[in-house]
Amino acid sequence: MKWVALLSYIAMIIINGLASTIGINGKTTAEISNQLEVLFTPAGYVFAIWIVIYIVLSIWIFLHLFSKAENQETAIINLVTLTCLFNIAWLLCWHYAYFVLSIVMMVGLLISLILIYSSYPKGDTRFAGRLPFSIYLGWISVALMANISFVLKYYQWNGFGISEIWWTNLLLFVATCLAIYIRTVEVDVVFPLVIIWAFIGIAVKNGVDAGSLFYMPILYSVVLLIWIFVGKRKE
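In UniProt numbering, the protein residues as written are 1 to 235.
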């Protein structure tokens, strides 16, 4: 199953590379995202985190490729394969405008990552352990919110009469609470750093003139940065 995971990873890298450069179905991933002005979507440079994710994931796969697999490790490797397949499926749904289905695929990816993440002990910061999935899970948590925001705007949802600005601020608050929870309960400093990275990108994308959509991501980033250092471990 290790080699299946490796092949799935390679396929994911190739398809994502094609989608980001020459495009799939006539458009790149970024071009589709930029079709709508979604307030929760961060600036383009933020998506460079995918490079980091692919690198740390490749390190994880390499470190496990020639090791003797135990039952738990085999289960995790199978889940890693599943994350690659969900990643590919999400990308294809996105490029062929099956946007609702793309959310389903991303939820599947999120659940798979949660299962992997929860398989490791709290505070695990090893490259062969939880570290790659702290980064990956943090990013997909934000990406899912952005994806849902895009799809709702695409189908012209009225937000129950509540403005997109308020909904975006609510998502920022939810993501902040999630990051605080992960930092405190899971003793994980990497996850909130990923959230901070995304928040700063959201502030940059919206600009100073956006008011709360500039200042609130910055404020939440400061709160999370402080919490990284003062957050108590769960005994």
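We put the CB at the ideal spot given by N, CA and C, even for glycine. Only a predicted model underlies this, so the values are computations on that prediction, with no experimental measurement involved.
- Within the same chain, 227 come within 6 Å of residue 180 by CB-CB distance, once the 5 residues on both sides are set aside.
- Given a length threshold of 4 residues, each whole run of the alpha helix (DSSP H) inside the segment 1 to 69 is given here in chain order: 2 to 21, 29 to 33, 49 to 65.
- In this structure, DSSP gives residue 190 a helical state, which the three-state scheme calls helix.
- Assignment of residue 205 by DSSP, reduced to helix, strand and coil, places it in the helix class.
- Residues 56, 59, 60, 63 of the same chain have their beta carbon placed closer than 7 Å to that of residue 127, with the five preceding and five following residues left out of the count.
- Fully contained in the segment 120 to 195 are the following alpha helix (DSSP H) runs of length 4 or more, in chain order: 131 to 154, 164 to 185.
- For residue 108, the enclosing alpha helix (DSSP H) begins and ends at 99 to 117.
- Distance between residue 188 and residue 223, taken at the CA atoms: about 16 Å.
- Residue 184 places its beta carbon 8 Å or farther from that of residue 123.
- When the five nearest sequence neighbours on each side are left out, the beta carbons in the same chain lying within less than 8 Å of the beta carbon of residue 28 are those of 19, 20, 21, 22, in order along the chain.
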